[in-house]
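In my numbering, the protein residues as written are 2 to 921.
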């Protein structure tokens, strides 16, 4: 410990020494060049333009507002040259004088053969903007612009990201929700909004559900796959940056309004959507256009549903393949997404930029779930008629998730120094008011004397039930019990960061030194309340609570159940002290970080290296329930971890179109909140002791990452790239059973979480796109893009069997061996059409039995086909038609092999039609 403390002290001391040495060396700059790059049409600021001083072989890249800067330029006459995929290069002679700033502006025009509005409107334009940003980045990133987002029929942010190489999504009720990066599950990836880390609204997970954020309010999405030392280290797969609107993205007034209606094929429901975004620049004082205001609002309500039949993996494989349970489910869902963004940018002087950026989104998910739950008295083979107990069930709940991100900061430039500073507040929450967590109707013994039905099933995948007529009649059941529940989760963080950079020359080679500090204070709490009732008013026959027949497309189902009537029938409900205590927790994680990094350009090679230090102080409070004593006691934990995380990035430009990249990085991710929760339940039944508990002493997952690849940009909206990556992950977390181990010798089960030794993931990421503008009309509007990611992984898990630890290998959860996209597009001056196919191979969903591979649950491969069509009535007005899930792709999970259902769910297609108006 003493050696570790000394190393921390030396690191901080050396960081400070480097900073002071750099400040002392900060002589007055020779000269300075400041410029901005925009389009000829409409004055759109261009990010990712490479600007080079030819005589000095120095390069700068334009930022989001199109601005670029060179410092420490000796007096003289120089040639500036621009490089931007899809635009003609411009060369310009400028005169730099001592102790003065030379200003210039470039306006890029489209390349020959492209319609004049290509940089503003169209598929190729959106892709081109993203590729330029990717080409200019110091590390390995993938980007998508607002223009490209609008070309896809995507409802939310996660669905927009699934089109990118190396990314795939996890769906909920057919809608994209969580994002996986390079085969890593969503809990292993970070999400930021305008540079600020976003806490997750879900009670159990770190993953941020990106379906909460409407895609209409965005300007860019950037996925960073190799972290630099000035970035938070909390992602193993990648970091997803959501950038909202800025008034300096364009010149002058910009306004866009969209109205849309959608139709769900499954439920035949229609849904409305409205969105408005606007920005403008204003002149305050003597300066011109030094204040920018951007605003956006979006509202979308979607009514839809799904039909489901599942077993939950309840197969008995010891005697063949016998089924123990079946559940039919009918879902009716209403989801409302609303969002608001409000951003102010101020330039009080030519050397200072200030901003205040805000994004708020709210997502309300209302779900009614009807279920027929069938439990065979003996495991059943396909076609066998077996007696079974049956329950009709209702779940009716509404949950609202909210995300707020607000940050104030800026940048100040003094001579060779650039100082960035920011304070930020973020909050996510999930509120589920008191709801029917489960209303159970059992067979009425006054109607069905034996309280069982004779049932059979066929087709072990898309299971079909054969049952007597009484099975479907409401009068056959009566209300037995109702469980009510409520949950409230809050995840809040406050952050401050300071970054200082100094541009310099080392042996006439341009270089930069950068260092900084960051502090993040985060607190997450969860409050669960459960009530149970078996005392009801009036006649409890299901006939008194039922409505019309459920619209269930996988067979006969029975009647709907009225939730209001069920609630009204409850005479008394008692709080369930066990369930209302063990799910409660309060966790804090306070992280302090410091870093130092530098970069240098050696001819065509750029080297960036540095180290980041992070320390996290962790506290957790939860509750343990002892069934024998019938009391809940408080459990408290605290610990701290710290890490040194070095990084090296190399970018070699073979020429203006081709570059080779390599990176070695290190990252660290905390386990999930359910895994860290101190909650503990100990129960005893007939001498058998069973326990279920979290593990606040879990170690963080640490990853060593290696990446290498090549990028070739042959022309407008065109790229060919190939990357290979390898990750070694220490302290992989998995669920296990400690029964039979030390301290748990007398337990039948002791289910908790443990750290594995290590996991490995290796992959190849391929991408290509091409715009065929050189072909004769009408083929010159053709655009084709494709990407594929091939991944292989292994992780070791285990549990105790007769007191002996037994291990086995699994693939990383949520990792598909293959994910791919194919896009065929066409655009002319008036029409833009795109057909998109998204594929991901099967992946491990969860391990239900650590020692039984047959019961591992897998999600089957999925191929979804989507289509979008846009017609530009004018440059300012367009109408669009979109079709999602044209092939009615199902969601299917299974155990052992694809013959044995765990869950089969179907959604149908969704169709949209809308109109947009733009003023610019």
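For glycine and all other residues, C-beta sits at the position ideal for the given N, C-alpha and C. Model, not experiment: these values are computed from the prediction.
**Asked** Going by C-alpha distance, which of 432, 465, 444 and 340 is nearest residue 405?
**Response** The candidate whose alpha carbon is nearest that of residue 405 is 340.
**Prompt:** Taking 8 Å as the CB-CB cut-off, is residue 350 touching chain C?
**Reply:** Chain labels in this structure do not include chain C; a single protein chain is all it has.
**Prompt:** By how many angstroms is the C-alpha of residue 476 removed from the C-alpha of residue 446?
**Reply:** Whole-angstrom Cα-Cα distance: 11 Å.
**Asked** Whose C-beta lies closer than 6 Å to the C-beta of residue 295 among residues of the same chain, with five residues either side of it excluded?
**Response** 246, 247, 248, 280 and 344
**Request:** Under 8 Å by Cβ, that's how I've got residue 671 and residue 714 pegged, so tell me the actual separation to the nearest angstrom.
**Result:** Not really, about 38 Å apart at Cβ, beyond 8 Å.
**Request:** Using the Cα positions of residue 243 and residue 232, report the straight-line distance between them to the nearest angstrom.
**Result:** 15 Å
**Prompt:** What are the uninterrupted segments assigned as beta strand (DSSP E) that are 3 or more residues long and contained completely in the stretch 44-76, given in chain order?
**Reply:** The qualifying runs are 51-54, 59-62 and 68-71.
**Asked** Does the Cβ-Cβ distance between residue 699 and residue 682 come in under 8 Å?
**Response** Going by C-beta atoms, residue 699 is not nearer than 8 Å to residue 682.
**Message:** Bridge partners for residue 797 per DSSP, in chain order?
**Reply:** For residue 797, which the question treats as bridged, DSSP gives the partners 810.
**Message:** Looking at residue 324: is its Cβ nearer than 8 Å to the Cβ of residue 300?
**Reply:** no
**Request:** Taking only runs that begin and end inside the stretch 412-456, name each unbroken beta strand (DSSP E) of 3 or more residues, in chain order.
**Result:** Runs found: 418-444.
**Request:** Give me whichever residues DSSP pairs with residue 603 in a beta bridge.
**Result:** 606
**Asked** Quick one: complete beta strand (DSSP E) runs, 3+ long, within the stretch 245-317?
**Response** Fully enclosed beta strand (DSSP E) runs of no fewer than 3 residues occupy 255-265, 270-283 and 292-311 of the stretch 245-317, in order along the chain.
**Prompt:** Is it true that the CB of residue 241 sits closer than 8 Å to the CB of residue 222?
**Reply:** yes
**Asked** Mapping DSSP to helix, strand and coil, what is residue 566?
**Response** Helix, per DSSP.
**Request:** Would you be able to state if there are at least three C-beta pairs under 8 Å between the stretch 815-834 and the stretch 780-791?
**Result:** Segment contact: the stretch 780-791 against the stretch 815-834, three or more CB-CB distances shorter than 8 Å; contact assigned.
**Asked** Exposed or buried, which one is residue 443 when buried takes at least 16 other CB atoms within 10 Å?
**Response** Residue 443 is buried by the Cβ-count criterion.
**Asked** In chain order, what residues of the same chain have a beta carbon less than 8 Å from the beta carbon of residue 19, not counting five sequence neighbours either side?
**Response** Only weak support is given to the placement of residue 19: the predicted model assigns it a pLDDT of 45, under 50, and the question is left unresolved by the model.
**Request:** Quick one: measure Cβ to Cβ for residue 668 and residue 660, integer angstroms, because I've assumed they're closer than 8 Å.
**Result:** No, residue 668 and residue 660 are not in contact; Cβ-Cβ is about 24 Å, not under 8 Å.
**Message:** The beta strand (DSSP E) that contains residue 337, what's its start and end?
**Reply:** 323-350
**Prompt:** How is the beta strand (DSSP E) around residue 487 delimited, first residue to last?
**Reply:** 478-507
**Assigned exposure category for residue 143 - 16 Cβ within 10 Å defines buried** = buried
**Asked** In whole angstroms, what is the alpha-carbon distance linking residue 385 and residue 915?
**Response** 52 Å
**Contacting residues, own chain, Cβ-Cβ under 8 Å from residue 139 (five flanking each side not counted)** = 229, 600, 607, 609, 650 and 652
**Item:** Own chain, CB closer than 6 Å to residue 192, minus 5 neighbours either side, in chain order
**Value:** These residues qualify, in order along the chain: 199, 209 and 241.
**Per-residue DSSP class, three states only, for residue 163** = coil
**Request:** Go ahead and label residue 106 buried or exposed: buried means 16 or more other beta carbons lie within 10 angstroms of its beta carbon, across all protein chains shown.
**Result:** exposed
**Request:** Report yes if the C-beta distance between residue 764 and residue 796 is below 8 Å; otherwise report no.
**Result:** Residue 796 sits away from residue 764, with the two beta carbons spaced by 8 Å or more.
**Prompt:** Below 8 Å between beta carbons: does that hold for residue 393 and residue 539?
**Reply:** No, Cβ-Cβ distance for residue 393 and residue 539 is not below 8 Å.
**Request:** Work out the CA separation of residue 810 and residue 318 for me, nearest whole Å.
**Result:** 21 Å
**Prompt:** Can you tell me whether residue 362 is buried or exposed, with buried defined as 16 or more other CB within 10 angstroms of its CB?
**Reply:** buried
**Prompt:** Which whole-angstrom value describes the C-beta separation of residue 69 and residue 33, a residue pair presumed to lie in contact below a C-beta threshold of 8 Å?
**Reply:** That belief does not hold up - the Cβ atoms of residue 69 and residue 33 are roughly 11 Å apart, past 8 Å.
**residue 83 - partner residues in DSSP beta bridges** = 52
**Neighbourhood of residue 891 by C-beta, 7 Å cutoff - its chain only, sequence neighbours within 5 removed** = 905, 906 and 907
**Message:** Taking contact to mean 3 or more Cβ pairs, one atom from each stretch, closer than 8 Å, check whether the stretch 71-86 and the stretch 156-165 are in contact.
**Reply:** Taking 8 Å as the limit for Cβ pairs, the verdict is that the stretch 156-165 does not touch the stretch 71-86.
**Reduced DSSP secondary structure (H/G/I, E/B, other) of residue 855** = helix
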